[in-house]
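Chemist:
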Amino acid sequence: MASATITDAADPTELVTRPTLLVAIGRQRVGKTTFLKSLAEITAQQGGRPEIWNTDSMNRSHTLSSLGPQVLEADSMSPTGQAAWLEGQIEKLVESRHDAILDIGGGWTAMHELIRSSPLVAALDELGVSLVTIFMIGMENADIDYLQDLQEQHGFLPRRTAIVINEGLLPVGIDTPQAVSQILENEAVLNALDRGAAHGVFPAINGLKKIADRGQSFMDFAANKPVPGQPKSSVFDRLRVNRWLKRDVPLFLRDLGADYLPRMPKGLPDVVMENV
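So the sequence shown is numbered by the numbering used here: it starts at 369 and just counts up by one.
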């Protein structure tokens, strides 16, 4: 559930026009790309025009690049080279006024390099760019290391920070509310929540590997668009993904709140409860 509305400026009209840079942070295989990919697709469906940036050089199968040639990728694989690329892309946002969705990957990333080497939050404030930071975590304590380290070592907890628990990483046999309550009792998580962070639970998706192997967007898979060289997808798989896109993810987005999302001119997506 999101915390109270957070504003970036005394003048509310400035908040509307400021571009948003949304980044997901977490270790490898916590669901960052799945979250960002579904968010990018739904944002476009709702009339948004965010730029999609990819500096995840380790992920070649399940990647934001499957969204099409409009995805911008760094021309360097080193954290310092990618950090320089990110600085240039951020400067361009000031002129384009577009929002941006960034997949940084896991491990020591370009984003961490920017946080370590520059006053990132202050620089974005001066440029007029609104930063939304999503910390993706699961049940393991190691999932929370990034959140704890960035808070304690670098004092990094932007005003628009959300802790997103990936339901797909919760243990089988334990109900979601119980698992979530255990995660929210972690000291690093409590500290972030006390400082104003929001939190939410991102819904698990069934059959992700099949979509990744086809190199498709979620919506194309749900719409049964064929992929050359790939077998026809299962109707059950398509219907499960369709329900996830039209019911589960919209419910999550509404719970998290528009303050933590890119701009959607048509508003947040409807939650379809029937026939999905």
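All C-beta atoms in this analysis are idealised placements derived from N, C-alpha and C, irrespective of residue type, glycine included.
Using a Cβ-Cβ cut-off of 8 Å (strictly less than) and excluding sequence neighbours within five positions of glycine 456, which residues of its own chain qualify?
Modeler: Counting only Cβ-Cβ distances below 8 Å, and skipping sequence neighbours, we find nothing.
Chemist: Sorted by chain position, which residues of the same chain lie with C-beta nearer than 7 Å to asparagine 592's C-beta, five sequence neighbours on each side aside?
Modeler: Ser601, Arg606
Chemist: Looking only at its chain, what residues have a beta carbon closer than 8 Å to the beta carbon of phenylalanine 403, apart from the 5 residues adjacent to it on each side?
Modeler: Ala392, Ile502, Met504, Val532, Asn534, Phe570
Chemist: Let me make sure I understand the geometry here. Which of Ile573, Leu499, Val603 has the alpha-carbon closest to that of tryptophan 612?
Modeler: Ile573
Chemist: With a threshold of 16 other CB atoms inside 10 Å of the CB of lysine 405, please say whether the residue is buried or exposed.
Modeler: That one is buried.
Chemist: By the DSSP assignment, the alpha helix (DSSP H) with threonine 411 in it spans what residues?
Modeler: Here the alpha helix (DSSP H) through threonine 411 covers 400-413.
Chemist: How many whole angstroms separate the CB atoms of leucine 538 and leucine 470, which I take to be in contact at a CB cut-off of 8 Å?
Modeler: Incorrect: roughly 26 Å between the Cβ atoms, too far for contact.
Chemist: When you compare the region 621-632 with the region 573-592, are there three or more beta-carbon pairs, one atom per stretch, that lie closer than 8 Å?
Modeler: no
Chemist: Taking a contact to mean a Cβ-Cβ separation below 9 Å, would you say glutamine 550 touches methionine 507 in this structure?
Modeler: yes
Chemist: Grouping DSSP H, G and I as helix and E and B as strand, with all else coil, what is arginine 386?
Modeler: coil
Chemist: Determine the DSSP secondary structure at serine 433, reduced to helix, strand or coil.
Modeler: Three-state DSSP puts serine 433 in a helix.
Chemist: Kindly indicate the opening and closing residues of the beta strand (DSSP E) around isoleucine 533.
Modeler: 528-534
Chemist: When the Cα atoms are used, what is the spatial distance from lysine 400 to leucine 515?
Modeler: 14 Å
Chemist: Going by DSSP, name the residue or residues bridged to glutamate 419.
Modeler: DSSP lists Ala468 as partners of glutamate 419.
Chemist: What residues in its chain sit with their C-beta under 6 Å from that of aspartate 379, if we drop five residues either side in the sequence?
Modeler: Unreliable placement is indicated for aspartate 379, whose pLDDT of 42 sits below 50; the coordinate value is still reported in the next sentence. Nothing meets the Cβ criterion.
Chemist: Within the continuous beta strand (DSSP E) that includes serine 444, where are the two ends?
Modeler: No beta strand (DSSP E) holds serine 444; DSSP gives it neither H nor E.
Chemist: With 16 as the cutoff for other CB atoms within 10 Å, does valine 603 come out buried or exposed?
Modeler: exposed
Chemist: Could you tell me the boundaries of the alpha helix (DSSP H) in which isoleucine 483 lies?
Modeler: 478-485
Chemist: Excluding the five sequence neighbours on either side, which residues of its own chain have a C-beta within less than 6 Å of the C-beta of histidine 567, listed in chain order?
Modeler: Counting only Cβ-Cβ distances below 6 Å, and skipping sequence neighbours, we find Ile531.
Chemist: Which value, in whole angstroms, describes the spacing of the CA atoms of aspartate 376 and alanine 547?
Modeler: Here the model assigns aspartate 376 a pLDDT of 41, short of 50, so the residue's position is not dependable, and the following value carries that caveat. One C-alpha to the other measures close to 33 Å.
Chemist: Please say whether leucine 621 and leucine 407 have beta carbons closer to each other than 9 Å?
Modeler: yes
Chemist: Opposite threonine 501 in the DSSP bridges: which residues?
Modeler: Val391, Thr529
Chemist: Compute the distance between the beta-carbons of leucine 525 and leucine 495, then report whether it is under 9 Å.
Modeler: no
Chemist: For the putative contact between leucine 435 and isoleucine 420, defined by C-beta atoms under 8 Å, what is the C-beta separation to the nearest angstrom?
Modeler: 6 Å
Chemist: What first and last residue would you give for the alpha helix (DSSP H) that runs through arginine 617?
Modeler: A quick correction: the sequence has valine, not arginine, at residue 617. Here the alpha helix (DSSP H) through valine 617 covers 617-624.
Chemist: Would you tell me roughly how many angstroms separate the C-alpha atoms of leucine 488 and aspartate 443, rounded to the nearest one?
Modeler: Their backbone Cα atoms lie some 21 Å apart in a straight line.
Chemist: Please state the DSSP three-state secondary structure of aspartate 568.
Modeler: Reading off the sequence shown, one finds glycine at residue 568, where the question assumed aspartate. The answer is strand: DSSP assigns glycine 568 an E or B state.
Chemist: Quick check: what's the CA-CA separation for alanine 385 versus aspartate 513?
Modeler: In the sequence on display, residue 385 carries threonine and not alanine. Roughly 34 Å separates the two Cα atoms.
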